[in-house]
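The sequence shown runs 1274 to 1593 under my numbering. Notes follow once the structure below has been shown.
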Amino acid sequence: MSISRRAERAFVEAAKLAWKSFQAVNTRLPEGKPFQPKWAPRPLLKSYERTRPPLGFPRETDSLCPTCVKEVRNAIIRGERDLQDLVTGHPGEIKAMLLEEDGKIIMRKTCEKHGTFEDVISIDPDFTRRIESLFPGRDFKTVGDELVHRHGSSNIKYGRGTVMTIDLTNRCNMMCNPCFMDANQVGYVHEPTLDDLKEILDRSISFKPRRQLALLFSGGEPTVAPTFLPIMRYATEIGYYANMAATNGIRFAQDPEFAFEAYDATLNTAYLQFDGVGNEANSHRHIGNLFDVKLQAIENLAKAGISITLVVTIVNGINN
Ligand code: SF4
């Protein structure tokens, strides 16, 4: 074992010991007046006050039949089903089992109409168990969100998601096939107005707990939407602390000035589509020099001070 690895081990063991000693004293002291930050609906929860869902394997969980989902969506688009069915009708909902089999965690579920589906959730069960063991317990129950969270079975009940994703447009300056958002492919443009978007942000910030207020602007390609810059400015004004954009990077590559404008409009992070190193690794997106474009985008974003997260999308049978 290398010296640095041994030093790291020793440091970890010392930290564990220090934590146990602190806890041994802390649990004997009388509890002081609990602290309530401004963003919280009530005083901070102690670890023993937090609840947990069942974890580990095997276990049953709630899931969806992927074929029912498509059927329901198409029926709504054709006007044969009411949108409200998604909230009250539980369409496509089925139970699933999470199982450990052959060194993997798999999800197996059966729809009475469409048969059995199986997906691999993890190829490293020990790592998955370790990640689950780190779950600190549920956050506060949300308060004041009755008009915001009306999603049927998938209602958020505790805390809030880490990141809220908002699609600014279904237009895109690329034509990938497959595109997981069907950008440019549905025969109409859907682009919320600036007022629509402000209303979404106002409502989302209206309830407690009011923390982890990060936004991911997506699409289609969010940078082609006229609302991209103004809505980020508005979000920062009213208290959101981070703006991210899920982008293919083309606009940033084409126009260095645009990267500076986005930075001024408070864009923190480009969540940059990046499927591999070299043009060959990106050829499934049908742009011959796409990797060169990515490099230019990275350079322009970095010069403007915007941080970058590279995002790989793997589609079975296309680029795996
Ligand atoms: S860049 Fe993204 S949104 Fe645009 S077509 Fe490709 S996958 Fe779809």
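Glycine included, every Cβ here is placed at the ideal spot set by N, Cα and C. Bear in mind that the values here come from a model prediction, so they are computed numbers and not experimental data.
Problem set entry | DSSP three-state assignment for Q1563, whether helix, strand or coil | Taking the first residue of the sequence shown as 1, we reach residue 1563 at position 290. In the sequence as presented, Gln is not what sits at residue 1563; that position holds Leu. Three-state result, L1563: helix.
For this session: In angstroms with no decimal places, state the Cα-to-Cα distance between C1326 and R1524.
Result: Start at 1 with the first residue of the sequence shown, and residue 1326 comes out as number 53. Start at 1 with the first residue of the sequence shown, and residue 1524 comes out as number 251. The sequence given here places Pro at residue 1326; Cys does not occur at that position. Rounded to the nearest angstrom, the two C-alpha atoms are 43 Å apart.
For this session: Measure the Cβ-Cβ separation of T1415 and I1429 and say whether it is below 9 Å.
Result: Indexing the sequence shown from 1 puts residue 1415 at position 142. Indexing the sequence shown from 1 puts residue 1429 at position 156. Cβ atoms of T1415 and I1429: closer than 9 Å.
Exercise. Is T1401 buried or exposed, if buried means 16 or more other CB atoms sit within 10 Å of its CB?
Worked result: Within the sequence shown, residue 1401 is the residue found at index 128, counting from 1. By the 10 Å Cβ count, T1401 comes out buried.
For this session: Give me every residue whose Cβ sits closer than 7 Å to any heavy atom of the ligand SF4, in chain order.
Result: Listed along the chain, these residues meet the criterion: C1445, M1447, M1448, C1449, C1452, F1453, M1454, A1456, N1457, G1492, G1493, E1494, N1521, Q1546 and R1558.
Problem set entry | Proximity winner among F1564, H1557 and P1503, relative to N1592 (alpha-carbon distances) | Numbered from its first residue, the sequence shown carries residue 1592 at position 319. Nearest to N1592 by C-alpha distance, out of F1564, H1557 and P1503, is H1557.
Exercise. Residue range of the beta strand (DSSP E) that L1318 falls in?
Worked result: Working through the sequence shown from its first residue, we reach residue 1318 at position 45. L1318 -> no beta strand (DSSP E), and no H or E assigned at all.
For this session: Along the beta strand (DSSP E) that carries C1384, what are the first and last residues, could you check?
Result: In the sequence shown, the residue the question calls residue 1384 occupies position 111. Start and end: K1377 to C1384.
For this session: Measuring only between beta-carbons, confirm whether G1460 sits less than 9 Å from chain B.
Result: Among the chains of the structure shown, chain B does not appear; only one protein chain is present.
Exercise. Using the beta-carbon count (16 or more within 10 Å), is M1448 buried or exposed?
Worked result: Stepping through the sequence shown from its first residue, residue 1448 is reached at position 175. The C-beta of M1448 has fewer than 16 other C-beta atoms within 10 Å across all chains shown, which makes the residue exposed.
Problem set entry | Residue from F1308, W1292, T1324 and G1388 whose Cα sits closest to the Cα of K1368 | Walking along the sequence shown from the start, residue 1368 turns up at place 95. Ranked by Cα distance from K1368, the first of F1308, W1292, T1324 and G1388 is G1388.
Exercise. Bridge partners of S1580, per DSSP?
Worked result: Translated into positions along the sequence shown, residue 1580 becomes position 307. According to DSSP, S1580 bridges with T1542.
Exercise. Counting pairs of Cβ atoms below 8 Å between the segment 1287-1303 and the segment 1458-1476, do you hit three or more?
Worked result: The segment 1287-1303 is not in contact with the segment 1458-1476.
For this session: Put N1555 into one of helix, strand or coil per three-state DSSP.
Result: In the sequence shown, residue 1555 corresponds to position 282, counting from 1. In the structure shown, N1555 falls within a helical segment according to DSSP collapsed to helix, strand and coil.
For this session: Quick one: measure Cβ to Cβ for V1584 and F1547, integer angstroms, because I've assumed they're closer than 8 Å.
Result: Taking the first residue of the sequence shown as 1, we reach residue 1584 at position 311. Taking the first residue of the sequence shown as 1, we reach residue 1547 at position 274. With 8 Å as the limit, V1584 and F1547 qualify as a contact, their Cβ atoms being about 6 Å apart.
Problem set entry | Cβ distance (whole Å) where V1588 is taken to contact P1451 below 8 Å | The residue given as residue 1588 occupies position 315 in the sequence shown. The residue given as residue 1451 occupies position 178 in the sequence shown. Between V1588 and P1451 the beta-carbon gap is near 6 Å, inside 8 Å, which marks them as a contact.
Exercise. If you draw a straight line from the alpha carbon of F1564 to that of Y1544, how long is it in whole angstroms?
Worked result: One-based indexing of the sequence shown puts residue 1564 at position 291. One-based indexing of the sequence shown puts residue 1544 at position 271. Separation of F1564 and Y1544 (C-alpha to C-alpha, rounded to the nearest whole angstrom) is 16 Å.
Exercise. Which same chain residues, not among the five before or five after F1533, have their C-beta less than 6 Å away from its C-beta?
Worked result: Taking the first residue of the sequence shown as 1, we reach residue 1533 at position 260. Cβ contact annotation for F1533 (same chain, cutoff 6 Å, sequence separation greater than five): A1577, in chain order.
Problem set entry | Close-in-space but distant-in-sequence residues of the same chain around N1443 (CB under 6 Å, 5 per side omitted) | Within the sequence shown, the letter at position 170 stands for residue 1443. Result list for N1443: A1456, H1463 and G1493, in chain order.
Exercise. Between the beta-carbon of G1362 and the beta-carbon of C1384, is there less than 9 Å?
Worked result: By 1-based counting over the sequence shown, the position of residue 1362 is 89. By 1-based counting over the sequence shown, the position of residue 1384 is 111. With a cutoff of 9 Å on beta-carbon distance, G1362 and C1384 are scored as not near each other.
Problem set entry | Terminal residues of the beta strand (DSSP E) in which N1454 lies | Your numbering for residue 1454 matches position 181 in the sequence shown. First, the amino acid is wrong: residue 1454 is Met here, not Asn. Bounds of any beta strand (DSSP E) do not take in M1454, whose DSSP letter is neither H nor E.
Problem set entry | Unbroken stretches of the beta strand (DSSP E), 3 residues or longer, contained in the segment 1286-1361 | Fully enclosed beta strand (DSSP E) runs of 3 or longer: 1332-1337.
Exercise. Quick one, are the C-beta atoms of R1381 and M1370 less than 9 Å apart?
Worked result: If you number the sequence shown from 1, residue 1381 lands on position 108. If you number the sequence shown from 1, residue 1370 lands on position 97. By the CB criterion at 9 Å, R1381 and M1370 fall inside the cutoff.
Exercise. At which residue ranges does the segment 1490-1533 contain complete beta strand (DSSP E) runs of 3 or more residues, listed in the order of the chain?
Worked result: Runs of the beta strand (DSSP E) inside the segment 1490-1533: 1515-1520.
Exercise. So, using beta-carbon positions, are A1519 and P1495 closer together than 9 Å?
Worked result: The residue given as residue 1519 occupies position 246 in the sequence shown. The residue given as residue 1495 occupies position 222 in the sequence shown. Contact: yes.
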